[in-house]
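J.: Residue numbers for the sequence shown follow numbering that gives the first Met the number 0, so the first one is 0 and each next one is one higher.
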Amino acid sequence: MTMTAAVMYEPTGQKVQEIENRPIAVPFRKIAPAPLTPNPLSLPGLTITNGGVAGSRRDFLLTVAGGIAGLAIASWPARVLAQPAGGSPLRISTIGAGREGGALGALFVKAGHPVMFSSRHPDNLKGLVDVLGPLARAGTVAEAVEFGDVVMVIVPYTAIEQIGKTYGNALAKKVLVIDVSNPIARRDGNEIVKWADEQGGAGLATAKLLPGAHIVRAFNAINYAKLSEYAHRQGELVGVPIAGDDQHAIAIASSLIREIGFEPVVVGGLAMGKYLVPGTPLGGAHTAGEIRQALTSLH
Ligand SMILES: NC(=O)c1ccc[n+]([C@@H]2O[C@H](COP(=O)([O-])OP(=O)(O)OC[C@H]3O[C@@H](n4cnc5c(N)ncnc54)[C@H](OP(=O)(O)O)[C@@H]3O)[C@@H](O)[C@H]2O)c1
0 MTMTAAVMYE
10 PTGQKVQEIE
20 NRPIAVPFRK
30 IAPAPLTPNP
40 LSLPGLTITN
50 GGVAGSRRDF
60 LLTVAGGIAG
70 LAIASWPARV
80 LAQPAGGSPL
90 RISTIGAGRE
100 GGALGALFVK
110 AGHPVMFSSR
120 HPDNLKGLVD
130 VLGPLARAGT
140 VAEAVEFGDV
150 VMVIVPYTAI
160 EQIGKTYGNA
170 LAKKVLVIDV
180 SNPIARRDGN
190 EIVKWADEQG
200 GAGLATAKLL
210 PGAHIVRAFN
220 AINYAKLSEY
230 AHRQGELVGV
240 PIAGDDQHAI
250 AIASSLIREI
260 GFEPVVVGGL
270 AMGKYLVPGT
280 PLGGAHTAGE
290 IRQALTSLH
């Protein structure tokens, strides 16, 4: 078997073991926690951590739209820039329009969907939506919740409780809530990571915070800086492991994921959502086949 270095973490983000095999050749299991180590990947002006990217979000917002609208998209087939492949456009909102929210929302704009990007400071999103064109708009979180048929929650995990308290009833009425967020000790603190673990991991924990919502976890461990490059990749598509308990929501999520140029791979119910975090065998960019193979080590 081909040997490449890889470091694996349990869903909490704590380092559990170092292996040299990829595809995964050993069962995924917990061992005594050790301190976090930073992910070695770095980009100009950014430090990539286990929880995502530390760096200037303002800088990112100024560059993401241009980057997304640039080379990667220029190389896409013309058909992907036309009407949504799934038929009628869906109104999509992002709660959180930072690095991951900005990059992911931009892909849906490019796929032909109207997208409202939101934050508590929507004026800061002007640069992003101006570059993305008329399908993109910025709003408050309340406006985004109102606007979207589909709502993506892409915030630090600590923010979800308040979002649930304020908008839980409205979110429960949406056909799909995509949970892109992760509990990461380094950013969110040990307490919430421990709490999420006690609920059964990130998927079930989010369901508790957003009761009644039709949740699908997706894109949790695909780095924002790679999204546009991976979308509609030549050859075999990048797979997106997804987890959810609602079949209708899973069907919609799958269709949307295909439209933006990835292959959805249903890995199980929300209980499997704990593996959709950076550093687990399902984390990172893999083909659908690699995801299915990694999945066998989790059962
Ligand atoms: N970065 C990645 O590559 C990556 C990849 C996969 C998943 N994720 C996950 O995605 C989530 C966001 O990561 P990120 O890197 O995009 O973070 P980020 O760049 O810091 O952006 C966070 C966004 O959340 C918003 N936000 C924070 N608190 C909020 C609240 N209480 N209510 C509403 N919005 C709030 C922020 O807007 P305001 O502060 O302006 O309100 C901002 O738009 C995390 O859970 C992360 O684990 C990240």
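Beta carbons: idealized from backbone N, C-alpha and C, even for Gly. Only a predicted model underlies this, so the values are computations on that prediction, with no experimental measurement involved.
Give me the DSSP bridge partner(s) of E262.
T.: Here residue 262 refers to the residue found at position 263 of the sequence shown. G238, per the DSSP bridge assignment.
J.: Out of R257, Q292, A171, L281, which one is the CA nearest neighbour of P83?
T.: For this step, residue 83 is matched to residue 84 along the sequence shown. The option with the nearest alpha carbon to P83 is R257.
J.: Answer yes or no: do G282 and A224 have a C-beta to C-beta separation smaller than 8 Å?
T.: To locate residue 282, count along the sequence shown from 1; it is residue 283. To locate residue 224, count along the sequence shown from 1; it is residue 225. No, the Cβ-Cβ distance between G282 and A224 is not below 8 Å.
J.: Can you round the beta-carbon distance between G272 and L203 to whole angstroms, since I take them to be within the 8 Å contact cut?
T.: For the purposes of this step, residue 272 is taken as the residue at position 273 of the sequence shown. For the purposes of this step, residue 203 is taken as the residue at position 204 of the sequence shown. Contact holds; Cβ gap of about 7 Å.
J.: If you compare alpha carbons, which of A184, Q292, L106 is closest to P155?
T.: Position 156 of the sequence shown, counting from 1, holds the residue named residue 155. Out of A184, Q292, L106, A184 has the C-alpha closest to the C-alpha of P155.
J.: Suppose you measure from the CA of R56 to the CA of P182; what does that come to, to the nearest Å?
T.: Position 57 of the sequence shown, counting from 1, holds the residue named residue 56. Position 183 of the sequence shown, counting from 1, holds the residue named residue 182. Low confidence applies here, because R56 scores a pLDDT of 40, under 50, leaving its location unreliable and the question unanswered by this model.
J.: As a quick exercise: from Q233, G97, H112, A195, pick the residue whose alpha carbon is nearest that of S254.
T.: As a first step, residue 254 is located in the sequence shown; it is residue number 255 there, counting from the start. The shortest Cα separation from S254 among Q233, G97, H112, A195 belongs to H112.
J.: With DSSP as the reference, please indicate the residues paired to S117 in a beta bridge.
T.: Within the sequence shown, the letter at position 118 stands for residue 117. DSSP output for S117 lists I94, G138 as bridge partner(s).
J.: Return the residue from the list G132, V264, A96 that minimises the CA-CA distance to Q292.
T.: As a working mapping, residue 292 is identified with position 293 in the sequence shown. The shortest Cα separation from Q292 among G132, V264, A96 belongs to V264.
J.: How would you call A102, buried or exposed, if buried means at least 16 neighbouring beta carbons within 10 angstroms?
T.: Locating residue 102 in the sequence shown gives position 103, where the first residue counts as 1. The residue is buried, with at least 16 neighbouring Cβ atoms inside 10 Å.
J.: Between A110, A171, V144, F218, which lies nearest to D178 when the distance is taken from Cα to Cα?
T.: Taking the sequence shown and counting its residues from 1, one reaches residue 178 at position 179. Of the candidates A110, A171, V144, F218, the one whose C-alpha sits nearest the C-alpha of D178 is F218.
J.: Can you give the beta carbon distance from T165 to I191, rounded, assuming they're within the 8 Å contact cut?
T.: As a position in the sequence shown, residue 165 is number 166, starting the count at 1. As a position in the sequence shown, residue 191 is number 192, starting the count at 1. Their Cβ separation, rounded to whole angstroms, is 18 Å, which puts T165 and I191 out of contact at 8 Å.
J.: Can you round the beta-carbon distance between G260 and A230 to whole angstroms, since I take them to be within the 8 Å contact cut?
T.: As a first step, residue 260 must be located in the sequence shown, where it is residue number 261. As a first step, residue 230 must be located in the sequence shown, where it is residue number 231. That pair is a contact at about 4 Å.
J.: Alpha carbon to alpha carbon, what distance is there between M115 and V130?
T.: For the purposes of this step, residue 130 is taken as residue 131 along the sequence shown, with counting starting at 1. For the purposes of this step, residue 115 is taken as residue 116 along the sequence shown, with counting starting at 1. When rounded, the distance between both Cα atoms is 14 Å.
J.: Given a cut-off of 8 Å on the beta-carbon distance, is the pair A96 and L127 in contact?
T.: For this step, residue 96 is matched to residue 97 along the sequence shown. For this step, residue 127 is matched to residue 128 along the sequence shown. A contact, by the Cβ cut-off of 8 Å.
J.: What first and last residue would you give for the alpha helix (DSSP H) that runs through D350?
T.: It is not possible to answer for residue 350, since the shown part of the chain is limited to 0 through 298.
J.: Using only CA atoms, which one of I94, I91, L106, G100 lies nearest to E228?
T.: Counted from its first residue, the sequence shown places residue 228 at position 229. The shortest C-alpha separation from E228 is found at L106.
J.: If you check the beta carbons only, do T286 and G238 fall under 8 Å apart?
T.: Along the sequence shown, read from residue 1 onward, the residue named residue 286 stands at position 287. Along the sequence shown, read from residue 1 onward, the residue named residue 238 stands at position 239. Yes. Within cutoff.
J.: Mind checking S87: buried by the 16 CB within 10 Å criterion, or exposed?
T.: Start at 1 with the first residue of the sequence shown, and residue 87 comes out as number 88. Exposed is the call here.
J.: By the three-class DSSP mapping on this structure, what secondary structure does K173 have?
T.: In the sequence shown, the residue the question calls residue 173 occupies position 174. Coil.
J.: Just mark T295 as buried or exposed, buried being the case when its beta carbon has 16 or more other beta carbons within 10 Å.
T.: Locating residue 295 in the sequence shown gives position 296, where the first residue counts as 1. It counts as exposed.
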